[in-house]
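In what follows, a structure is listed as structure tokens, so that the remarks can point back to it.
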Amino acid sequence: MTAPTTHPAHVSGPGLSGRTALVTGAAGGIGRACVLRLAAAGAKVRAVDRDAEGLDALTGQAQGLAGSVEPRTLDLTDLDAAEQVAAGTDILVNNAGLQLVRPIEQFPPDVFHTVLTVMLEAPFRLIRGALPHMYGQGWGRIVNISSVHGLRASAYKSAYVAAKHGLEGLSKTAALEGAEHGVTSNCVNPGYVRTPLVERQIADQAAAHGLPEERVLTDVLLKDSAIKRLLEPQEVAEAVLYLCGPQASFITGTSLPLDGGWTAH
């Protein structure tokens, strides 16, 4: 399967001119695709990542789009800074994540703590920082990039699964609280996406399951997916854009699986 070649600037969608968006984990993968798609729709996008070099490359790729990209180098374990960077945003996309594949009894406690900090506590602080502006104007969109692992568990991913399940609950709570203020909050739940994070998992999964790497994709990662291919980052970005548009104003507190039929089991 090849990635879609359509440049996001040439794809129509709801206009976001005048809106300020923030995307975390923006330098690559899903985050990069979301930044480019929201900017193509006219938004001014704060691209947040700890990878300064990746942000520079992203800014170059965004030249000529209807909106703009403002790079913000930030490590989300700095929770106070995370809350501050979200102030004044109309659209918040919580995407940043990390993964380690280990059995629970071998899982390093410090890594478990870091995963929960970046993938659950930081989104809480970002939402907390964004809500006063959203509430003040009576409009806001929160899109949390969860995972099929926010809906289903897999072995050897205790921290990631715990964080994504927690993010689902946080998103629903934000939806209930934000409804009277014109703020929606939803999760997008991809299966395995063609990103560096997933590519790095293949070696870890091969070791954990005792399989050759070439069998990990078919026998492990896509075992429960009816559609036997990786999801493309651009496909996730289109779902994010949809949830930010006027046609999605009645959609809140829910989860949108992009999982190739995984959760149909």
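Using our numbering, the first residue of the sequence shown is number -6, and each one after it goes up by one.
Glycine included, every Cβ here is placed at the ideal spot set by N, Cα and C.
Everything numeric in this text was worked out from a predicted model, so none of it was measured.
Euclidean distance between Cα positions of residue i and residue j
i    : j    : result
G11  : W132 : 13 Å
A200 : L51  : 33 Å
P224 : N87  : Sequence check: residue 224 is Leu here, not Pro. Distance between the alpha carbons of L224 and N87 is about 19 Å.
V38  : L67  : 15 Å
P116 : S178 : 12 Å
G171 : L48  : 31 Å
A32  : G81  : 17 Å
L144 : G53  : 36 Å
G6   : D252 : A caution first: G6 carries a pLDDT of 49, below 50, which makes its placement in the model too unreliable to give a value.
L263 : A241 : Because the chain here runs from -6 to 258, residue 263 falls outside it and cannot be looked at.
L169 : Y149 : 32 Å
S147 : H158 : 12 Å
V181 : V229 : 8 Å
V213 : V111 : 26 Å
V176 : V28  : 20 Å
S164 : F243 : 15 Å
Outcome for residue i when other beta-carbon atoms lying within 10 angstroms are tallied against a minimum of 16
i    : result
A219 : exposed
S140 : buried
E161 : buried
Q130 : exposed
P183 : buried
H293 : What the structure shows of the chain is the stretch from -6 to 258, and residue 293 is not part of that stretch, so it cannot be assessed.
R30  : buried
D83  : buried
P125 : exposed
Segment limits, alpha helix (DSSP H) that includes residue i
i    : result
K345 : Examination of residue 345 is not possible in this model, given that the chain is present from -6 through 258 alone.
L236 : 226 to 237
S151 : 151 to 171
V104 : 102 to 109
Proximal residues to residue i (C-beta, below 8 Å), its chain only, five neighbours per side dropped
i   : result
E76 : R118, L119, R121, G122
L85 : A14, L15, A79, L119, I120, A123, G133, R134, I135, V136
Element boundaries [beta strand (DSSP E), containing residue i]
i    : result
G133 : 133 to 138
I220 : Unbroken run through I220: none, as it is neither H nor E.
V213 : Run containing V213: none; DSSP gives neither H nor E here.
L251 : 248 to 251
I23  : Where I23 is concerned, there is no enclosing beta strand (DSSP E), although the alpha helix (DSSP H) it sits in stretches over 22 to 33.
Contacts around residue i, its chain only, beta-carbon distance under 7 Å, and the 5 residues preceding and following it disregarded
i    : result
A196 : E206
L8   : It is Gly, not Leu, that sits at residue 8 in the sequence shown. Here the set comprises A34, G35.
Proximal residues to residue i (C-beta, below 6 Å), its chain only, five neighbours per side dropped
i    : result
V209 : I195, Q198, A199
W255 : V141, G184, D217, S218
L215 : K221
L69  : A75, A89, V111, A115
Do the stretch 56 to 63 and the stretch 87 to 103 touch if we need at least three Cβ pairs shorter than 8 Å? no
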